[in-house]
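S.K.: In the numbering used here, each residue's number is its place in the sequence shown (first place is 1) plus 25.
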Amino acid sequence: MSQKNFHAHFTCFNENCKETYELNEIVYRCKKCGELLQVSHNTEALKKVSAEEWKATFDGRLGSVRFPNTSGVWNKKEWILPGINENNIVSIGEGKTHLFVADRFAKDLGLKSLHIKQCGVSHTGSFKDLGMTVLVSQVKQMLSEGVSIRAVACASTGDTSAALAAYAAKAGIPSIIFLPGDKVSTAQLIQPVSNGAKVISLDTDFDGCMKIVQEVTKESNI
Numbered sequence: 026m027s028q029k030n031f032h033a034h035f036t037c038f039n040e041n042c043k044e045t046y047e048l049n050e051i052v053y054r055c056k057k058c059g060e061l062l063q064v065s066h067n068t069e070a071l072k073k074v075s076a077e078e079w080k081a082t083f084d085g086r087l088g089s090v091r092f093p094n095t096s097g098v099w100n101k102k103e104w105i106l107p108g109i110n111e112n113n114i115v116s117i118g119e120g121k122t123h124l125f126v127a128d129r130f131a132k133d134l135g136l137k138s139l140h141i142k143q144c145g146v147s148h149t150g151s152f153k154d155l156g157m158t159v160l161v162s163q164v165k166q167m168l169s170e171g172v173s174i175r176a177v178a179c180a181s182t183g184d185t186s187a188a189l190a191a192y193a194a195k196a197g198i199p200s201i202i203f204l205p206g207d208k209v210s211t212a213q214l215i216q217p218v219s220n221g222a223k224v225i226s227l228d229t230d231f232d233g234c235m236k237i238v239q240e241v242t243k244e245s246n247i
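Structure follows, in structure tokens:
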């Protein structure tokens, strides 16, 4: 399948702004209005491929042992980061977690059927792995293109820090975790510390940590 017209970029959330930025640009908020950004795709190009073609493509990748189709995220690469070089994909087998049929629970709720997605069996124990593989892969892509990035960082009370530290370790990229000191248990510290992250405990809440992360990253290419 040709991917020459598939494209993803950042778009400002502000409906009255809609400023766009390339994914390889270090930008955290819209430079024009200050609003948050979201990843948008060239949906017109994606829609030119029929539903039958997409189904055949994705079905053909199920059970594949060829990288990156072993990932439940990257086996749909065209819908995630169509422009990424496969050598820069950082995956630790995320996705493809079990879907359980919960008949008794469905009956209790008055439903005909109920399926439960068990993301707890993912590598770091949460669904955050699904997004983190994309983020760290994009960082690795940017590094390969010569963009100066010293480290990756996040503010977290648990799951996000575990995922970032794990994927950064896989990619060989330094990671920094800012945690609110009185909100995190020893158990939640084990994963980022064991994966080599620099963990900084701050005497503030999550919002305070997030503010510091934004200040640090704005000045330090993190």
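The beta-carbon is built from N, C-alpha and C at its ideal position, and this holds for glycine as well. Note that the coordinates shown come from a computational prediction; the quantities given were computed from them, not determined experimentally.
Could you say if the region 73-85 and the region 44-61 meet the contact criterion of at least three C-beta pairs nearer than 8 Å?
M.R.: Too few Cβ pairs lie closer than 8 Å, so no.
S.K.: Would Y192 and M235 be called neighbours here (beta carbons separated by less than 7 Å)?
M.R.: Here the question's residue 192 lines up with position 167 in the sequence shown. Here the question's residue 235 lines up with position 210 in the sequence shown. Not closer than 7 Å, so no.
S.K.: What span of residues does the alpha helix (DSSP H) with I237 cover, start to end?
M.R.: By one-based count along the sequence shown, residue 237 stands at place 212. Start and end: 231-245.
S.K.: If you draw a straight line from the alpha carbon of C37 to that of D133, how long is it in whole angstroms?
M.R.: On the sequence shown, position 12 is the one that residue 37 refers to. On the sequence shown, position 108 is the one that residue 133 refers to. Answer to the nearest angstrom: the Cα atoms are 43 Å apart.
S.K.: Tell whether a beta-carbon distance below 7 Å holds between N223 and I201.
M.R.: Taking the sequence shown and counting its residues from 1, the one referred to as residue 223 is at position 198. Taking the sequence shown and counting its residues from 1, the one referred to as residue 201 is at position 176. Contrary to the premise, residue 223 reads as Lys rather than Asn in this sequence. Their beta carbons are under 7 Å apart, which means K223 touches I201 by this criterion.
S.K.: Whole-angstrom Cβ separation of G206 and L227, contact assumed at under 8 Å?
M.R.: Numbered from 1 along the sequence shown, position 181 holds the residue referred to as residue 206. Numbered from 1 along the sequence shown, position 202 holds the residue referred to as residue 227. Yes, G206 and L227 are in contact; Cβ-Cβ is about 6 Å, under 8 Å.
S.K.: Can you grab the Cα-Cα spacing for the pair I109 / G135, in whole Å?
M.R.: In the sequence shown, residue 109 corresponds to position 84, counting from 1. In the sequence shown, residue 135 corresponds to position 110, counting from 1. One C-alpha to the other measures close to 45 Å.
S.K.: Since I believe I114 is in contact with W99 (beta carbons under 8 Å), could you give me their beta-carbon distance rounded to a whole number of angstroms?
M.R.: For the purposes of this step, residue 99 is taken as residue 74 along the sequence shown, with counting starting at 1. For the purposes of this step, residue 114 is taken as residue 89 along the sequence shown, with counting starting at 1. Sure, about 6 Å apart at Cβ, within 8 Å.
S.K.: Suppose the cutoff is 7 Å on Cβ atoms and the five residues either side in sequence are ignored; what does the same chain contact list for H34 look like?
M.R.: In the sequence shown, the residue the question calls residue 34 occupies position 9. T45, Y46, E47, L48, S65, listed in sequence order.
S.K.: Could you spell out the range, first to last residue, of the alpha helix (DSSP H) harbouring P205?
M.R.: Translated into the one-based positions of the sequence shown, residue 205 becomes position 180. Counting along the chain, P205 falls outside any alpha helix (DSSP H), though it belongs to the beta strand (DSSP E) covering 200-205.
S.K.: So A187 packs on P217, CB below 8 Å; how close in whole Å?
M.R.: For the purposes of this step, residue 187 is identified with residue 162 of the sequence shown, where counting begins at 1. For the purposes of this step, residue 217 is identified with residue 192 of the sequence shown, where counting begins at 1. Between P217 and A187 the Cβ distance is about 6 Å, and since that is below 8 Å, they are a contact.
S.K.: When you compare only the Cα positions, how much space is there between V209 and N220?
M.R.: Along the sequence shown, one-based indexing puts residue 209 at 184. Along the sequence shown, one-based indexing puts residue 220 at 195. Going by the C-alpha atoms only, they are around 17 Å apart.
S.K.: Near Q166, which residues of its chain fall below 6 Å by C-beta distance, leaving aside the five closest residues on each side in sequence?
M.R.: Numbered from 1 along the sequence shown, position 141 holds the residue referred to as residue 166. Excluding positions up to five away in sequence, the list reads I109, N113.
S.K.: Report yes if the CB atom of D84 is closer than 7 Å to the CB atom of E119, and no otherwise.
M.R.: Here residue 84 refers to the residue found at position 59 when the sequence shown is read from its first residue. Here residue 119 refers to the residue found at position 94 when the sequence shown is read from its first residue. No, Cβ-Cβ distance for D84 and E119 is not below 7 Å.
S.K.: So, for S169: in the same chain, excluding its five sequence neighbours on each side, which residues have a beta-carbon less than 6 Å away from its beta-carbon?
M.R.: Working through the sequence shown from its first residue, we reach residue 169 at position 144. Cβ within range, chain order: N113.
S.K.: Can you tell me which of the three DSSP states Y46 falls into?
M.R.: Here the question's residue 46 lines up with position 21 in the sequence shown. Note: Y46 maps to strand in three-state DSSP.
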